[in-house]
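Chemist: If you're matching them up, the sequences are chains W and B in order.
Offset between the first sequence (1-based) and my numbering: plus 14.
Offset between the second sequence (1-based) and my numbering: plus 14.
Using N, Cα and C, we set each Cβ at its ideal position, and we do this for glycine too.
Below: one structure in structure tokens.
2 protein chains.
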Amino acid sequence: MEIEKPPVDRERIIPTAERRGLILVHTGPGKGKSTAAFGLALRAHGRGKTVKIYQFMKVPSARFGEHRVFEQLGVPIVGLGDGFSWKSKDLDHSAELARHGWAQAEATIRAGETFLVVLDEIMYPLRYGWVALEPVLQALRERPAHVHVVLTGRGAPQELIDLADTVTEMAMIKHHFKAGVPAQRGIED
Amino acid sequence: MEIEKPPVDRERIIPTAERRGLILVHTGPGKGKSTAAFGLALRAHGRGKTVKIYQFMKVPSARFGEHRVFEQLGVPIVGLGDGFSWKSKDLDHSAELARHGWAQAEATIRAGETFLVVLDEIMYPLRYGWVALEPVLQALRERPAHVHVVLTGRGAPQELIDLADTVTEMAMIKHHFKAGVPAQRGIED
Numbered sequence: 015m016e017i018e019k020p021p022v023d024r025e026r027i028i029p030t031a032e033r034r035g036l037i038l039v040h041t042g043p044g045k046g047k048s049t050a051a052f053g054l055a056l057r058a059h060g061r062g063k064t065v066k067i068y069q070f071m072k073v074p075s076a077r078f079g080e081h082r083v084f085e086q087l088g089v090p091i092v093g094l095g096d097g098f099s100w101k102s103k104d105l106d107h108s109a110e111l112a113r114h115g116w117a118q119a120e121a122t123i124r125a126g127e128t129f130l131v132v133l134d135e136i137m138y139p140l141r142y143g144w145v146a147l148e149p150v151l152q153a154l155r156e157r158p159a160h161v162h163v164v165l166t167g168r169g170a171p172q173e174l175i176d177l178a179d180t181v182t183e184m185a186m187i188k189h190h191f192k193a194g195v196p197a198q199r200g201i202e203d
Numbered sequence: 015m016e017i018e019k020p021p022v023d024r025e026r027i028i029p030t031a032e033r034r035g036l037i038l039v040h041t042g043p044g045k046g047k048s049t050a051a052f053g054l055a056l057r058a059h060g061r062g063k064t065v066k067i068y069q070f071m072k073v074p075s076a077r078f079g080e081h082r083v084f085e086q087l088g089v090p091i092v093g094l095g096d097g098f099s100w101k102s103k104d105l106d107h108s109a110e111l112a113r114h115g116w117a118q119a120e121a122t123i124r125a126g127e128t129f130l131v132v133l134d135e136i137m138y139p140l141r142y143g144w145v146a147l148e149p150v151l152q153a154l155r156e157r158p159a160h161v162h163v164v165l166t167g168r169g170a171p172q173e174l175i176d177l178a179d180t181v182t183e184m185a186m187i188k189h190h191f192k193a194g195v196p197a198q199r200g201i202e203d
């Protein structure tokens, strides 16, 4: 029987002085990109670190399960969108909101007061051209060295993958929607 | 420009009467399998649902960020392991603990009082043969219809994939360990 290395090697935890912030990307068509970012946010918060979550495709009034818990924990989770969907008529407005949202997120990243910044579903505005890629890459490159940034959404641009420290592609092997099972409250929202 | 469907289709949320529990599997070599399960747990808890997390490869005394937060939220997170690693000498003891842990988890799944049961890193004991696959599949098949179960770990058995409603494979595109960047407190623990 092959005994393989467990997923986290505890011995690689090293002193604070040698640490640095990471760029983590969750992409691909499968489930778990945002929930894994929320799990990281939870973990960092549990370690007493400052966390801020920006959601590019959620409205400010979103009250999914995660919003309720992060509010209770005092972790800011900021909806930057206008409920954009593939049926949206006013894409100019969506684009304007995304640019405004990015400006907020960029300021947070550059300020260096937040240990972990989550840019949830930022791949959408990047792919739609609402937010230009180069300024995002530049802000990530120029960020204070201790700041971790998680970026989620399908279709991560290659330049972002090149820049990132860790990239996970969530591949959809099966999805219950395809079998006709609808979204479940408490699981999908 | 192709406008594709956003990841969650709000219109598919349907009345409670038509809902049912799901089997969700997070597998593959990439990051995010456990953190995505924690994100789901967070979301369900935020919706006022009961959640219980069993961790097959963590010791009961584990105090990672997630343990601290789930404890604060009143979500049980139970370490079932003995700190097994690829250097472990006493594999019989690890196997015994895993079987004992599975008995606890099975009882929770069958009791039907928990909306979401997380079986974190259960693929390890399944692959090592510490816990037999068939009784796990049977408990999943026979569970009360409203119970959701998330199972994580690399190398999910095909029979489990066949049974599951939703399977995501976390593929590792890049990992900072491979670039010599060590584990970061607050990100990896």
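Can you give the Cα-Cα distance for LEU111 (chain B) and ALA58 (chain B), rounded to whole angstroms?
Modeler: 28 Å
Chemist: Could you tell me whether the region 146 to 163 of chain W touches the region 144 to 162 of chain B, where touching means 3 or more Cβ pairs closer than 8 Å?
Modeler: no
Chemist: Got a sec: is the Cβ-Cβ distance from ASP179 (chain W) to anything in chain B below 8 Å?
Modeler: yes
Chemist: Taking only three categories from DSSP, how would you classify LEU36 (chain B)?
Modeler: coil
Chemist: By a C-beta neighbour count over all protein chains shown, 10 Å radius and 16 as the cutoff for buried, is LYS192 (chain W) buried or exposed?
Modeler: exposed
Chemist: Hey, would you say PRO90 (chain W) sits closer than 8 Å to LYS66 (chain W), going by beta carbons?
Modeler: yes
Chemist: Along chain W, in chain order, which residues have C-beta atoms closer than 9 Å to that of PHE78 (chain B)?
Modeler: ARG57, GLY60, ARG61
Chemist: Residues of chain W with CB under 8 Å from VAL195 (chain B), in chain order?
Modeler: ARG34, LEU36, ASP179
Chemist: Flag ARG155 (chain B) as yes if its beta-carbon sits less than 8 Å from any beta-carbon of chain W, otherwise no.
Modeler: no
Chemist: Rank B:LEU105, B:PRO196, B:VAL131, B:MET184 by C-alpha distance to the C-alpha of VAL145 (chain B) and give the top, closest one.
Modeler: B:LEU105
Chemist: In three-state terms, what does DSSP make of GLU120 (chain W)?
Modeler: The answer is helix: DSSP assigns GLU120 (chain W) an H, G or I state.
Chemist: Tell whether a beta-carbon distance below 8 Å holds between LEU36 (chain B) and HIS190 (chain W).
Modeler: yes
Chemist: My assumption, with CB atoms under 8 Å, is that MET184 (chain W) sits in contact with THR182 (chain B). Please give the rounded CB distance.
Modeler: That belief holds up - the Cβ atoms of MET184 (chain W) and THR182 (chain B) are roughly 5 Å apart, short of 8 Å.
Chemist: For VAL132 (chain W) and PRO74 (chain B), what's the separation of their Cα atoms in angstroms?
Modeler: Each residue's alpha carbon lies about 30 Å from the other.
Chemist: Can you tell me where the beta strand (DSSP E) with GLN69 (chain B) in it begins and where it stops?
Modeler: 65 to 69
Chemist: For THR182 (chain W), go through chain B and note every residue whose CB falls closer than 8 Å to its CB, in chain order.
Modeler: GLY44, LYS45, GLY46, MET184, ALA185, MET186, ILE187
Chemist: For ASP134 (chain W), which three-state DSSP category applies?
Modeler: strand
Chemist: Give me the Cα-Cα distance between GLY126 (chain W) and ARG124 (chain B), rounded to the nearest whole angstrom.
Modeler: 47 Å
Chemist: Tell me which residue opens and which closes the beta strand (DSSP E) that THR180 (chain B) is part of.
Modeler: 180 to 188
Chemist: With distances taken Cα to Cα, identify the nearest neighbour of GLY88 (chain W) among W:LYS188, W:LYS63, W:ALA109, W:HIS107.
Modeler: W:LYS63
Chemist: Looking at the structure shown, is THR49 (chain W) part of a helix, part of a strand, or coil, going by DSSP?
Modeler: helix
Chemist: Got a sec, what are the start and stop residues for the beta strand (DSSP E) GLY95 (chain W) sits in?
Modeler: GLY95 (chain W) -> no beta strand (DSSP E), and no H or E assigned at all.
Chemist: Taking all protein chains shown into account, decide if PRO29 (chain W) is buried (16 or more other Cβ within 10 angstroms of its Cβ) or exposed.
Modeler: Residue placement at PRO29 (chain W) is poorly supported in this model, since its pLDDT is 48, which falls under 50; the coordinates are not used for a value here.
Chemist: Taking Cβ-Cβ distances shorter than 8 Å, what residues in chain W pair up with VAL83 (chain B)?
Modeler: Going along chain W in sequence order, the residues near VAL83 (chain B) (Cβ under 8 Å) are LEU56, ARG57, HIS59, GLY60, LEU87.
Chemist: What residue range does the beta strand (DSSP E) around HIS162 (chain W) cover?
Modeler: Segment 162 to 166, the beta strand (DSSP E) holding HIS162 (chain W).
Chemist: Taking all protein chains shown into account, decide if VAL81 (chain W) is buried (16 or more other Cβ within 10 angstroms of its Cβ) or exposed.
Modeler: The sequence shown places His at residue 81 (chain W), not Val. Label assigned to HIS81 (chain W): buried.
Chemist: Skipping 5 residues on each side, what residues in its chain have a beta carbon closer than 8 Å to that of ARG26 (chain W)?
Modeler: Caution is warranted here: a pLDDT of 49 is assigned to ARG26 (chain W), below 50, making its placement in the model unreliable, and the coordinate value is therefore given only provisionally. The beta carbon of ARG26 (chain W) sits closer than 8 Å to no other beta carbon from its chain once the five residues preceding and following it are set aside.
Chemist: Among B:PHE84, B:ALA170, B:GLN86, B:THR122, which one has its Cα closest to the Cα of TYR142 (chain B)?
Modeler: B:ALA170
Chemist: For ARG61 (chain W) versus ARG199 (chain B), is the C-beta spacing smaller than 8 Å?
Modeler: For ARG61 (chain W) and ARG199 (chain B), yes; Cβs fall inside 8 Å.
Chemist: Per DSSP, which residues does THR128 (chain B) bridge with? Please list them.
Modeler: Per DSSP, none; premise fails for THR128 (chain B).
Chemist: In chain order, what residues of the region 110 to 132 of chain B put their CB closer than 8 Å to some CB of chain W?
Modeler: Taking 8 Å as the Cβ-Cβ cut-off against chain W, the residues of the region 110 to 132 of chain B that qualify are PHE129, LEU130.
Chemist: Within its chain, find whatever has a CB closer than 8 Å to the CB of LEU147 (chain W); leave out the 5 residues flanking it on each side and keep chain order.
Modeler: LEU140, PRO171, GLU173, LEU174
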